[in-house]
DNA sequence: ATCGTTGCAAACGTTTTGCATAAGG
DNA sequence: CCTTATGCAAAACGTTTGCAACGAT
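Residue numbers (this note's numbering), protein chains in the order written: chain A, 1 to 171; chain B, 1001 to 1171.
Encoded structure:
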């Protein structure tokens, strides 16, 4: 038993890291012989100004449009997000058939509650999950790289206003 | 810390159920005023002959092709799989951007280890995960309907033959 | 006779690709 | 210079939809 998960009511705090995301990214690029272009720099900045999960579409929507300065094309956004994931800056997971991204550098490991009514993702942390994960993996001689744990259901607010502005429940 | 997960080395056993999948499905259809067509019956049979996870594409590939008896069109396969999920016969989850299905009736609840090298899904059961899930949910006043827990990494076999027939690692 | 279901073709939304041009190291 | 990166257009991918004909109840 014991304290299974920290108090999850407050937003997650940033954690100490030795390099800024930009420094870490530049190191990554250098190590691989990749280039740090203006698009990549701009996207990194945009992405690290967010503190919420997002998908490629939402990000693109909020970026300068074709013609504006700092315009980044859709393929480049996809290519760059993939690079950020490779660099360990972002974490990717799938939800409702598309990729979601969230900060993975300078933020504590966490998992999600997913409300299938309002589509809200609620974060929580739990040391026990990590312990359990490693225990299961060890018993299978499996080398863990990552995990996803998503609890699906209905959040408190949606459960209350059951018959009002209820949206489609799709899971 | 107590027995966290049963011995997962043997394949999972079927569990006792009061109705056959077909019976349960017919009850579901009747309750909703839906119809039991030859296509649905045939698909149910095909699906419950499997004991492995599958996606729509793999299933369709192994079904009679256009022109043969028992041919079922692609849209009907998708529509019917969705119905099976609604009926509680199948469980759906997403992997690498597409929907995977597995038996959910007459089989114990379980989670997965996913080898990103050979794409193998390994099942395991853990009571602790369910307990933990419910505990986290309760502390958020969240009404759990389901969860997915996938541990990503490299399986024992792939870890050994590192440099031989290694396939792309995509997660 | 209803009304859900089917197959077809065509659309869909997300992500990826080929390719010619641009630009970082 | 050399090679990676970009933008464009178009393709690819898994999945869904509109619709007319079909078939279960």
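Backbone N, C-alpha and C define an ideal beta-carbon position, used for all residues, glycine too.
What residue 54 (chain A) touches in chain B, judged by beta-carbon distance under 8 Å, is nothing: the nearest beta carbon there is about 17 Å away. Taking 8 Å as the Cβ-Cβ cut-off, the segment 1059-1090 of chain B has no residue approaching chain A.
The continuous alpha helix (DSSP H) containing residue 1135 (chain B) extends over residues 1127-1139. Using a Cβ-Cβ cut-off of 8 Å, residue 155 (chain A) counts as an interface residue toward chain B, since at least one Cβ of chain B sits closer than that to its own. The shortest CA-to-CA distance from residue 104 (chain A) to any of A:68, A:52, A:32 is the one to A:52.
As DSSP reads the structure, residue 123 (chain A) sits in a beta bridge with A:112.
Classified as exposed, residue 96 (chain A) has fewer than 16 neighbouring CB atoms from the shown chains inside 10 Å of its CB. Listed along chain A are 116, 152, 153, 154, 171, each with a C-beta nearer than 8 Å to that of residue 1145 (chain B). Residue environment for residue 114 (chain A): buried (at least 16 other C-beta atoms within 10 angstroms of its C-beta). Taking the Cα of residue 126 (chain A) as reference, the smallest distance to any Cα among A:116, A:143, A:149, A:119 is reached at A:149.
Only those residues of the segment 20-46 of chain A whose C-beta falls short of 8 Å from the nearest C-beta of chain B would be listed, and there are none.
At a cut-off of 8 Å between beta carbons, residue 136 (chain A) contacts chain B. When the five nearest sequence neighbours on each side are left out, the beta carbons in the same chain lying within less than 7 Å of the beta carbon of residue 1025 (chain B) are those of 1044, 1087, 1089, in order along the chain.
Per DSSP, the continuous beta strand (DSSP E) segment holding residue 145 (chain A) begins and ends at 143-154. At a beta-carbon threshold of 9 Å, none of the residues of chain A lie near residue 1109 (chain B); the nearest stands roughly 14 Å away. For residue 1098 (chain B), the CB contacts under 6 Å within the same chain, skipping 5 residues up- and downstream, are 1055 in chain order. Cβ neighbours of residue 1118 (chain B) within its own chain (closer than 8 Å, five residues either side excluded): 1155, 1157, 1158, 1167.
Taking the CA atoms as reference points, residue 1036 (chain B) sits about 13 Å from residue 1076 (chain B). Every alpha helix (DSSP H) of 4 residues or more that sits fully in the segment 1031-1066 of chain B is shown, in chain order, as 1038-1048, 1056-1061. A straight-line Cα-Cα distance of about 31 Å links residue 1049 (chain B) and residue 133 (chain A).
DSSP places residue 1101 (chain B) outside any alpha helix (DSSP H); the residue lies instead in the beta strand (DSSP E), whose first and last residues are 1098-1103.
The three-state secondary structure of residue 1029 (chain B), taken from DSSP, is helix.
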